Amino acid sequence: MKNMQSIYIRVIMCINLSTWIIAFFIISLVDRARPPFESFLNRLKDEPVRKVWNSNLMEYVYYLLILAIVLNVFSIILNTIAYKKEKIGFRINSFFLGICLLYGLVMYLIHF
Numbered sequence: 011m012k013n014m015q016s017i018y019i020r021v022i023m024c025i026n027l028s029t030w031i032i033a034f035f036i037i038s039l040v041d042r043a044r045p046p047f048e049s050f051l052n053r054l055k056d057e058p059v060r061k062v063w064n065s066n067l068m069e070y071v072y073y074l075l076i077l078a079i080v081l082n083v084f085s086i087i088l089n090t091i092a093y094k095k096e097k098i099g100f101r102i103n104s105f106f107l108g109i110c111l112l113y114g115l116v117m118y119l120i121h122f
């Protein structure tokens, strides 16, 4: 029984860690896709500033969001199974990350 608990916990922790890494990668991609702010030096040199989002990067963000949501749902399912079978405590981390990822997906679908 103890070995199964440790297996469940390790798998859930690995999935959550990989989902968090994907989430931070998504944040960095969104920052790179965002149009830059016009600064004083841009106006002084009359350099053009990109006014639109980079749609190629945002497409990757969409696919990464879907992957992260699938991993997160799998983690929540494993957490529920482990809670029912082994009485392992619920990890609130998965639910918080899932809500954030769903919010990101909704914002993507609204704005892009």
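Count the sequence shown with our numbering and you get residues 11 to 122, in order.
Here a beta-carbon is modelled for each residue, glycine too, at the ideal position from N, C-alpha and C.
Quantities reported herein were computed from a predicted structural model and do not represent experimental measurements.
**Message:** What residue range does the alpha helix (DSSP H) around G114 cover?
**Reply:** I102 to H121
**Prompt:** What residue range is occupied by the uninterrupted alpha helix (DSSP H) comprising K95?
**Reply:** S65 to E96
**Item:** S104 burial status per 10 Å Cβ neighbour count (16 or more: buried)
**Value:** buried
**Item:** Sequence-distant residues of its chain with Cβ nearer than 7 Å to V21 (five each side left out)
**Value:** Correct list, in chain order: L88.
**Request:** State the start and end residues of the unbroken alpha helix (DSSP H) segment that holds K55.
**Result:** F50 to K55
**Request:** Specify the secondary structure class of R60 as computed by DSSP and reduced to three states.
**Result:** coil
**Item:** Helix, strand or coil at F35 [DSSP, three-state]
**Value:** In this structure, F35 counts as helix in the three-state DSSP scheme.
**Message:** To the nearest angstrom, how far is the alpha carbon of E130 from that of I86?
**Reply:** Outside the shown range of the chain, which is 11 to 122, sits residue 130, and nothing can be said about it.
**Item:** Distance between beta carbons of G114 and L75, contact taken as under 8 Å
**Value:** 6 Å
**Asked** Can you check whether the CB of I32 is closer than 8 Å to the CB of L77?
**Response** yes
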